[in-house]
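Read the structure below first, then the notes.
2 protein chains.
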Amino acid sequence: MASASLRQQLKKRGPFESVEQEAMLGILKTSDLLENRLARLLRQHNLTPSQYNVMRILRGEGQPMPCLDVAGRMIQVAPAITRVVEQLVSRGLIDKRQSSSDRRVFLIEPTTAGQRLLSRLDEPIQSLHRSLLGHVPKSDLRRLNQILEKAREGVAAEA
Amino acid sequence: MASASLRQQLKKRGPFESVEQEAMLGILKTSDLLENRLARLLRQHNLTPSQYNVMRILRGEGQPMPCLDVAGRMIQVAPAITRVVEQLVSRGLIDKRQSSSDRRVFLIEPTTAGQRLLSRLDEPIQSLHRSLLGHVPKSDLRRLNQILEKAREGVAAEA
DNA sequence: GGCCGATAGTTAACATGTAAACTAAAAGGT
DNA sequence: ACCTTTTAGTTTACATGTTAACTATCGGCC
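Chains as they are written, first to last, in this note's numbering: chain X, 39 to 197; chain P, 39 to 197.
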């Protein structure tokens, strides 16, 4: 193993140059892994992650919501929402109607079909979450959530 | 605030249904935030995140590397690499040559121009990392890295 | 030595995300 | 009332990622 460790010595200036960098890469990589799994599950129900997100946000809100408000809660940018909303409307999962008080805004909300689909997904999604992260102790996950939230606050702040 | 808390009571079954779900969403959201910032910085140097990743992996390896090995270290799938490699070759940042021992494999490595570009990016990238995550105590980041690694192990395992 | 499965990589078709320019309606100042 | 600015949303053009089908080469096996 002498040559292997020699090569390591040559090629690595230490695996990471800073804790921040390691955290950055770790978050991005973990996120990709998780998102892949989620996408795979949703595809079985003919939903993309974006479509699912929109539905989930609408349910969380509990009342009709302007398109751009939905976009604001995702990372996505306006034009992406326009398309996703089109798709969901054409599949009969949400309704879209022009607001009477401000004719610029279009309000969207789930149809009953959309609500049913979302309910059917609750169990599989929960069970995916458990199967993906269930092996991590809950205390660690709580700690993780705290730290991530702290991280996001700072990122949003220095806009 | 009576009506607000009433509405909350109606529309929320608690913000999350499980720690796992909260962690999942937290990771995905944080990752999106960070990736956006990184992409913005890289764009100023005419690089996409994928292109930068390929370059970084090649530098880390320290010797010519088959295309698919590079793909393996990213989340990406083969065809994506083909295109990214094309772009990098056409911009003179990497070299690509057919292996003599196995003519199926194409080895890629950074050109000196590529190495220079990468070096020029080191400082801005580090400084981005610090500006994005510098407000989180290092001990928290170390803990975060541990937990994320643990999470990834389990996810990879239950393939 | 010729077939057969596996592997490296590419091509093509398509869904998704992003940026920039545009339309329509509201808000506000004069 | 009119004109300018702002805001909600769409359209267009393009870069990126993903899947499936394909080519070329290797390796083993008979």
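Built from N, CA and C at the ideal position, the CB exists for glycine as well.
Please read all numbers here as calculations on a predicted model, not as lab measurements.
Can you tell me whether glycine 98 of chain P is buried or exposed? The criterion is at least 16 other CB atoms within 10 Å of its CB, across all chains shown.
Position 60 of the second sequence, counted from the first residue, corresponds to residue 98 of chain P. Under this definition glycine 98 of chain P is an exposed residue.
Can you give me the C-alpha to C-alpha distance between threonine 68 of chain X and arginine 135 of chain P, rounded to a whole angstrom?
Walking along the first sequence from the start, residue 68 of chain X turns up at place 30. Walking along the second sequence from the start, residue 135 of chain P turns up at place 97. Cα to Cα, threonine 68 of chain X sits roughly 32 Å from arginine 135 of chain P.
Let me make sure I understand the geometry here. Which of X/Asp70, X/Val127, X/Arg141, X/Gln114 has the alpha-carbon closest to that of glutamate 147 of chain X?
The residue given as residue 147 of chain X occupies position 109 in the first sequence. Ranking the options by Cα distance to glutamate 147 of chain X, first place goes to X/Val127.
Is DSSP giving serine 43 of chain P helix, strand or coil here?
Position 5 of the second sequence, counted from the first residue, corresponds to residue 43 of chain P. For serine 43 of chain P, the predicted structure reports a pLDDT of 48, less than 50, and the residue's modelled location is therefore unreliable. The matter cannot be settled from this model.
Check whether the region 60-67 of chain X and the region 151-161 of chain X touch, using three or more Cβ-Cβ pairs below 8 Å as the test.
No, they do not touch.
Starting from phenylalanine 145 of chain P, follow its DSSP beta bridges and name the residues at the other end.
As a working mapping, residue 145 of chain P is identified with position 107 in the second sequence. Note that residue 145 of chain P is leucine in the sequence shown, not phenylalanine. BP columns for leucine 145 of chain P point to P/Pro104, P/Arg135.
Taking beta-carbon pairs under 8 Å, can you tell me which members of the region 78-99 of chain X lie near chain P?
Answer in chain order: Gly98, Glu99.
Answer with yes or no whether the minimum CB distance from serine 56 of chain X to chain P is below 8 Å.
For the purposes of this step, residue 56 of chain X is taken as residue 18 along the first sequence, with counting starting at 1. Chain P contact via Cβ: present.
Please state if the CB of valine 193 of chain P and the CB of leucine 182 of chain X are separated by a distance shorter than 8 Å.
For this step, residue 182 of chain X is matched to residue 144 along the first sequence. For this step, residue 193 of chain P is matched to residue 155 along the second sequence. Their beta carbons are not under 8 Å apart, which means leucine 182 of chain X does not touch valine 193 of chain P by this criterion.
For a contact defined as C-beta to C-beta under 9 Å, what are the partners of glutamine 164 of chain P on chain X?
Against the second sequence, residue 164 of chain P aligns to sequence position 126. Those are Glu55, Ser56, Glu58, Gln59, listed as they occur along chain X.
Whether or not the region 102-115 of chain X and the region 136-146 of chain X are in contact is what I'm after, with contact meaning three or more pairs of Cβ atoms, one per stretch, closer than 8 Å; do they touch?
Judged by Cβ distances under 8 Å, the region 136-146 of chain X makes contact with the region 102-115 of chain X, as three or more pairs qualify.
Along the alpha helix (DSSP H) that carries proline 117 of chain X, what are the first and last residues, could you check?
Mapped onto the first sequence, residue 117 of chain X falls at position 79. First-last of the alpha helix (DSSP H) with proline 117 of chain X: 116-128.
What's the gap between the Cα of valine 122 of chain P and the Cα of threonine 150 of chain X?
Working through the second sequence from its first residue, we reach residue 122 of chain P at position 84. Working through the first sequence from its first residue, we reach residue 150 of chain X at position 112. Near 44 Å, if we compare the C-alpha coordinates of threonine 150 of chain X and valine 122 of chain P.
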